[in-house]
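What the sequence shown shows, in this note's numbering, is residues -14 to 550, in sequence order.
The next block holds one structure in the form of structure tokens; read it before the comments.
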Amino acid sequence: MTKFQEVAETLESIAGVSSRIEKISQASVFLKKLQDSEIGPAALFLSGKAFSERDSRSLNASWSTLLDALQTVVQFTPEDMEKAYSGDAGQAVQRILSSDKYPRQSSLFSEDLTIGRVGSALDAISQAEGAGSKREREAILSALFRDASPLEARYLTAIILGDLRTGMSEGLMIDAIARAFETDSSLTRKAWHYSGDLQTVAETAASHGETGLQSIKVELLRPVRPMLATSADSLQDAFGEIGEKAALELKLDGARIQVHKHDEEIRIYSRRLSDVTDSMPEVDERIRANVIASSVILDGEVIALDKEGTPFPFQVVMRRYGSKLETQEELKEIRLRPFFFDILHLDGRELVELPYTERRSILENLLSAELLVETLQSANLGAATKFFERSQRLGHEGVMVKRADSEYVPGTRGKNWFKVKHTLEPLDLVITAAEWGHGRRHNWLSDYHLAVLNKETGGFEMVGKTFKGLTDQEFEEMTKRLQEIETESGARIVRVKPEIVVEVLASEIQKSPKYRSGMALRFARITAIRYDKGPDDATTLKELEKLYEDQFKFKAKYQGTQKKF
-14 MTKFQEVAET LESIAGVSSR IEKISQASVF LKKLQDSEIG PAALFLSGKA FSERDSRSLN
46 ASWSTLLDAL QTVVQFTPED MEKAYSGDAG QAVQRILSSD KYPRQSSLFS EDLTIGRVGS
106 ALDAISQAEG AGSKREREAI LSALFRDASP LEARYLTAII LGDLRTGMSE GLMIDAIARA
166 FETDSSLTRK AWHYSGDLQT VAETAASHGE TGLQSIKVEL LRPVRPMLAT SADSLQDAFG
226 EIGEKAALEL KLDGARIQVH KHDEEIRIYS RRLSDVTDSM PEVDERIRAN VIASSVILDG
286 EVIALDKEGT PFPFQVVMRR YGSKLETQEE LKEIRLRPFF FDILHLDGRE LVELPYTERR
346 SILENLLSAE LLVETLQSAN LGAATKFFER SQRLGHEGVM VKRADSEYVP GTRGKNWFKV
406 KHTLEPLDLV ITAAEWGHGR RHNWLSDYHL AVLNKETGGF EMVGKTFKGL TDQEFEEMTK
466 RLQEIETESG ARIVRVKPEI VVEVLASEIQ KSPKYRSGMA LRFARITAIR YDKGPDDATT
526 LKELEKLYED QFKFKAKYQG TQKKF
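Structure follows, in structure tokens:
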């Protein structure tokens, strides 16, 4: 049995190298020496996962739960942990357990942590439910921490919280699996995209090689990693990649879903492959009423509508997405409406290798127009521009631009699909605080708290954070400037005088209880540092609230757009 200490040491070594090739090499060497039963769990642990993406199990273990468990093993105060914490929870736990200042309780009976023991413990944590479940989770965690070395405790914490910072992504782990078991990397990756299960791919590659991986296909009631789109700054950029003719679709402000129908059974999966069927009864109803095929896999989105049929903004969709409905009243208030743009399987026939135009034709023959995302086929740039403008009038996010002959390649983000979004007018926001970055940005204050001016109070109210938009040189210069106007400094956050103004673009403004302003930006990025402006020139809260309302001026009523869909 392999000790978990070896997993921790491998992760520590992987974290210490920057080369992707070296990370892959170290992971593959480790996988090759494991027993068959350890390969799958180890592949998950090395990529920072407790369970595979499509696994319905959840740990429900917060940082607070971990701290409570840890305090049964070692005596420390919240102030001690605050001093040890510098942005990395796992590292803070390691520092506490490594220090002689904090007495550690001895145990009469101790047992080494192994890959198998950790895997079993995580499963047990996921099974804890009902009254007393929090105490049960803490007891299991306490037992793990009691027998863990400081290094083991660090990576246990990282895996449990989903906050591993070694740069070992699932994509790199797929390459490591291919190298370890001498399978073709593209075939190994394809099997991962089709199965959505890193553990299954690792175990199959180890035990059955390429023959086993080739047997992993699109399968009913097993979600496929969705094909993704690359962002393009403009229609011109998208057409420059695709060519003179392309297919366009409206890009809805919704949440991705994948619907599987197998006879009478219908399952609905999220973009992250979680089963969300129970939270979407109205989607289930529409499929049962409108899809006569015995087996089908559909790719699409859901949007939220109010009782009048007006689309809600994205965050309202997410309020319903993945949460079980408690009352029929909630269903009345927020109705989810599905729209589909692709089909992967129909009545025993796999369709992913057909060109987009053929798949779309099959989809249109299967579904009525009210269930389809509107499309414009064989569009040139002129027609695409009109379609793009129309999407804005309808209140949608933008358009998708797709290569007409493209196959559906699960899990990839390549040059076959592009998304072109409408953006709001630039905002002038004030930096009120900044956080030390992670990874490559760890030496810079690079995560900025952005605020608007509240003219009624004369103060600045936060509307979001971003680390996007600046160059490395600008990060360095900004760090120096922020330190010069620092008013308060903690382990992670530096608060500053509200002096520096930055120009910011965001894809959407949302209502949010998270900030005192009541507003939040979605996908914000800095486009310029406005040295020419002072804090009094900043966008005001009133102006932001008006921009929020303006977003919905062109939101179409469902009844008015039914024919268009």
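Ideal placement from N, C-alpha and C gives every residue a C-beta, glycine not left out.
Option nearest residue i by Cα separation, candidates the options
| i | options | result |
| --- | --- | --- |
| I282 | R210, Q56 and Q199 | R210 |
| T512 | E528, L490 and I494 | L490 |
| D160 | D148, I144, L146 and W177 | W177 |
| Y179 | S32, Q243 and D108 | Q243 |
| E270 | V302, L321 and L258 | L321 |
| F61 | R89, R39 and S37 | R89 |
| K465 | G444, S431, K496 and R39 | S431 |
| L157 | H434, T142, T173 and L146 | T173 |
| L16 | V337, K175, S264 and A191 | A191 |
| L146 | A74, A231, D108 and I9 | A74 |
| G380 | L361, T408, L366 and Y500 | T408 |
| F57 | R42, L126, V2 and E(-9) | Inspection of the sequence shows that residue 57 is occupied by Thr rather than by Phe. Measuring from the Cα of T57, the nearest candidate turns out to be L126. |
| A369 | E(-6), S84 and A232 | A232 |
| R273 | L351, I319 and L414 | L351 |
| G424 | S22, S259, G152 and A133 | G152 |
| D40 | S259, K8, M265 and Y393 | S259 |
| Q20 | Q112, A187 and S3 | A187 |
| I9 | K292, A69 and A165 | A165 |
| A124 | A46, L336 and R257 | A46 |
| E484 | L51, L438, M(-14) and A505 | L438 |
| K453 | G422, K440 and E473 | G422 |
| A240 | D284, Q468, D413 and S49 | D284 |
Outcome for residue i when other beta-carbon atoms lying within 10 angstroms are tallied against a minimum of 16
| i | result |
| --- | --- |
| V479 | buried |
| V448 | buried |
| A364 | buried |
| P498 | exposed |
| T451 | buried |
| P395 | buried |
| M303 | exposed |
| L(-4) | buried |
| T189 | buried |
| A54 | buried |
| T442 | exposed |
| N428 | exposed |
| K548 | With a pLDDT of only 36 at K548, under the threshold of 50, the placement of this residue in the model should not be trusted; the figure read from the coordinates follows. By the neighbour-count rule (16 or more Cβ atoms within 10 Å), K548 is not buried but exposed. |
| V386 | buried |
| N401 | buried |
| E446 | buried |
For residue i, the residue or residues it bridges with in DSSP
| i | result |
| --- | --- |
| H178 | Bridge partners of H178: none, in fact. |
| H330 | I282 and E335 |
| S255 | I242 |
| G422 | Note: G422 sits in no beta bridge, so no partner. |
| I416 | L435 |
| R320 | L290 |
| H247 | E250 and S280 |
| F15 | For F15, which the question treats as bridged, DSSP gives no partner whatsoever. |
| G444 | N439 |
| F325 | G285 and L357 |
| L430 | W421 |
| R59 | A quick correction: the sequence has Val, not Arg, at residue 59. R89, per the DSSP bridge assignment. |
| D260 | Y254 |
| K(-12) | T99 |
For residue j and residue i, believed in contact at Cβ under 8 angstroms, the rounded distance
| i | j | result |
| --- | --- | --- |
| K246 | S280 | 6 angstroms |
| R559 | F460 | Examination of residue 559 is not possible in this model, given that the chain is present from -14 through 550 alone. |
| Q76 | R139 | 6 angstroms |
| A476 | S71 | 5 angstroms |
| I110 | L31 | Not a contact, Cβ separation roughly 20 angstroms. |
| F325 | V358 | 7 angstroms |
| V384 | E226 | That belief does not hold up - the Cβ atoms of V384 and E226 are roughly 14 angstroms apart, past 8 angstroms. |
| E137 | F297 | No, E137 and F297 are not in contact; Cβ-Cβ is about 46 angstroms, not under 8 angstroms. |
| P411 | E534 | P411 to E534, Cβ: 18 angstroms. No contact. |
| I144 | G33 | 6 angstroms |
| A389 | P340 | 7 angstroms |
| Q11 | I(-1) | 5 angstroms |
| D108 | Y87 | The pair is not a contact, with the Cβ atoms about 30 angstroms apart (cut-off 8 angstroms). |
| I470 | K482 | 4 angstroms |
| S37 | L29 | 7 angstroms |
Mind listing, in chain order, the continuous alpha helix (DSSP H) runs of no fewer than 4 residues lying wholly within the region 268 to 300? none
Whole runs of the beta strand (DSSP E) within the region 449 to 526, excluding any shorter than 3 residues: 471 to 474, 478 to 481, 486 to 490, 493 to 496, 504 to 507 and 510 to 514
Complete beta strand (DSSP E) runs within the region 371 to 405 (minimum length 3 residues, chain order): 383 to 387
Alpha helix (DSSP H) runs contained entirely in the region 89 to 142, provided each spans 4 or more residues: 100 to 112 and 118 to 132
Counting only runs of 3+ residues fully inside the region 193 to 243, write out the beta strand (DSSP E) ranges in chain order. 213 to 216 and 231 to 236
Within the region 342 to 368, ranges of the beta strand (DSSP E) (whole runs, at least 3 residues): 360 to 364
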